[in-house]
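Q:
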Amino acid sequence: MKKLGNDRQGIEGFEFRVGGLYILLGIFRFSMPERYAQEAEHKFVVEAKNTLLSIYVAPGGHSYVAGRFELDRDRLVGGGSCYLDKEDNLILNDYSNNFGAIPKVVAQRFAELLIPEVNKLGLEVKAISVNQNEGKLNYYWKERGFN
Numbered sequence: 243m244k245k246l247g248n249d250r251q252g253i254e255g256f257e258f259r260v261g262g263l264y265i266l267l268g269i270f271r272f273s274m275p276e277r278y279a280q281e282a283e284h285k286f287v288v289e290a291k292n293t294l295l296s297i298y299v300a301p302g303g304h305s306y307v308a309g310r311f312e313l314d315r316d317r318l319v320g321g322g323s324c325y326l327d328k329e330d331n332l333i334l335n336d337y338s339n340n341f342g343a344i345p346k347v348v349a350q351r352f353a354e355l356l357i358p359e360v361n362k363l364g365l366e367v368k369a370i371s372v373n374q375n376e377g378k379l380n381y382y383w384k385e386r387g388f389n
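Residue numbers 243 to 389, in my numbering, belong to the letters of the sequence shown in order.
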């Protein structure tokens, strides 16, 4: 598990925020091995408006998450799975078939922002792990030097 860190290479100049959360506690915990992350109930998408990046999390597919929060699909720059594993680690991983992946350093920052929100729901996050499929990066990130 990756602990909270200070590796911010490449994300200076971006502003990060939690745009919307709809977490169902009964299915937010996912006990399958990480290789089955695509089966996790909760997905996330990331929206970019200039340098403001917002994460949205909800159960269902990536397109459902986008629709639930009435997001402009043209501004979506990646997605993946979001869940709490059986060791109480907050996991952001995988990618979206519709919107691609986000860089690991971006996922790390979003995971750090999600911890207090998840804790408010009565869940205690012990650590975070990010494992985005960077081979599937959204073009938005490639244009900005991520690879």
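For glycine and all other residues, C-beta sits at the position ideal for the given N, C-alpha and C.
Predicted, not measured: the structure shown is a model, and the values here were computed from it.
To the nearest angstrom, how far is the alpha carbon of N339 from that of L356?
A: Those two C-alpha atoms are separated by around 23 Å.
Q: Counting only runs of 3+ residues fully inside the stretch 311-368, write out the beta strand (DSSP E) ranges in chain order.
A: Entirely contained in the stretch 311-368, the beta strand (DSSP E) runs reaching 3 residues are, in chain order, 318-326 and 331-336.
Q: Are the stretch 352-366 and the stretch 300-314 touching, with three or more C-beta to C-beta distances below 8 Å?
A: Short answer: they don't touch.
Q: Once the 5 residues before and after F258 are set aside, which same chain residues still bring their CB inside 7 Å of it?
A: Within the same chain, F258 has close Cβ partners L295, R351, F352 and L355.
Q: Evaluate L266 with the Cβ neighbour count: other Cβ atoms within 10 Å of its Cβ, from every protein chain shown; 16 or more gives buried, anything less gives exposed.
A: Exposed.
Q: Could you have a look at E289 and say whether DSSP puts it in helix, strand or coil?
A: If DSSP states are grouped into helix, strand and coil, E289 belongs with the strands.
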